[in-house]
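Below: one structure, written as structure tokens.
In our numbering, the protein residues as written are 287 to 574.
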């Protein structure tokens, strides 16, 4: 049975030495074209002409996009260096095929999977991942909240040729038995490191949800619809203290930098309906 198997020969997790930088952005800003950038250039040029022919059929607003006739490794380096594109590739995820996300590149599709307390085995989650990739997912998010989260993610990462993302606060919450008030920075920090050493390529972090924003949602019709946002809002109200994700944001950056993990800044106060759109809570988080 798949559930009984274990990875007995996992290598020691890789991590940047103190004071060193192994991120793709660091290399890009040093003017260095990495093998990942060269691979992406080849990949992005596949059917590039067909893509250009299609977008040329209709007039539209470019919204600042500057798509060249050919994607080169130098163009990729430049876009990453300017902060307009990201290469989500954790140094502990050698199984992944480098890819890029940015406004001047092909549109990418994300697929969400994950178990829950109601069920789903490790085998089922790996199967979901495989089928998601077969049907075109460029990245996969593991949103597991049930049992064996760590081992489930290990199997997913070790079998995934695409970047894997997570919402670390979900597993941190499980570590405190689902009681948001019992969360601490130490529990969250250890969860980040644990997932980073496994090879997670990008983290969704709800860093913009602050104590002063929570009361602004009181008159909403649908309230706070983000799970991560509601977890942090409950913690802030229970302790009447600023979010530890916000106050420790620099520490989070340092951890992610050591493994070259990409940020996905979660919109924890996004509206759940049209009536709640563009309210003070949403814009307060965006300004943060």
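Heads up, the beta-carbon is just placed ideally off N, CA and C, and yes, glycines get one too. Please read all numbers here as calculations on a predicted model, not as lab measurements.
Which residues DSSP lists as bridging residue i, in chain order
| i | result |
| --- | --- |
| residue 402 | 405 |
| residue 491 | 551 |
| residue 387 | 372 |
| residue 477 | Bridge partners of residue 477: none, in fact. |
| residue 426 | 397 and 450 |
Three-way DSSP call (helix, strand, coil) for residue i in this model
| i | result |
| --- | --- |
| residue 450 | strand |
| residue 357 | coil |
| residue 524 | helix |
| residue 418 | helix |
| residue 289 | The predicted position of residue 289 is uncertain, since its pLDDT is 46 and thus under 50; no value can be drawn from it. |
| residue 505 | coil |
| residue 561 | helix |
| residue 497 | helix |
| residue 319 | coil |
| residue 539 | helix |
| residue 377 | coil |
| residue 351 | coil |
| residue 302 | coil |
| residue 572 | helix |
Sequence-distant residues of the same chain with beta carbon closer than 6 angstroms to residue i, five excluded per side
| i | result |
| --- | --- |
| residue 485 | 376, 378, 379 and 443 |
| residue 387 | 372 and 394 |
Own chain residues within Cβ distance below 7 angstroms of residue i, not counting five before or after
| i | result |
| --- | --- |
| residue 547 | 376, 482, 486, 487, 488 and 489 |
| residue 568 | 555, 556 and 557 |
| residue 299 | 378 and 483 |
| residue 309 | 543 and 546 |
| residue 468 | 462 |
Cβ neighbour criterion (16 or more within 10 Å) applied to residue i
| i | result |
| --- | --- |
| residue 348 | exposed |
| residue 332 | exposed |
| residue 496 | buried |
| residue 418 | buried |
| residue 343 | exposed |
| residue 408 | buried |
| residue 514 | buried |
| residue 499 | buried |
| residue 360 | exposed |
| residue 318 | exposed |
Near the ligand GTP: residue i beta-carbon under 8 angstroms from a heavy atom
| i | result |
| --- | --- |
| residue 496 | Of ligands this structure carries none, so the ligand GTP is not represented either. |
Contact check, residue i vs residue j, beta carbons under 9 angstroms
| i | j | result |
| --- | --- | --- |
| residue 521 | residue 535 | no |
| residue 631 | residue 363 | Residue 631 cannot be examined here, being either before or after the span of the chain that is shown, 287 to 574. |
| residue 459 | residue 503 | no |
| residue 451 | residue 427 | yes |
| residue 571 | residue 509 | no |
| residue 411 | residue 382 | no |
| residue 453 | residue 425 | no |
is_contact[residue i, chain C] using C-beta, thresh 9 angstroms
| i | result |
| --- | --- |
| residue 552 | Looking for chain C here will not work: only one protein chain is present. |
Beta-carbon contacts of residue i that lie in its chain and below 8 angstroms, excluding the five residues immediately before and after
| i | result |
| --- | --- |
| residue 330 | 357, 362, 386, 391 and 392 |
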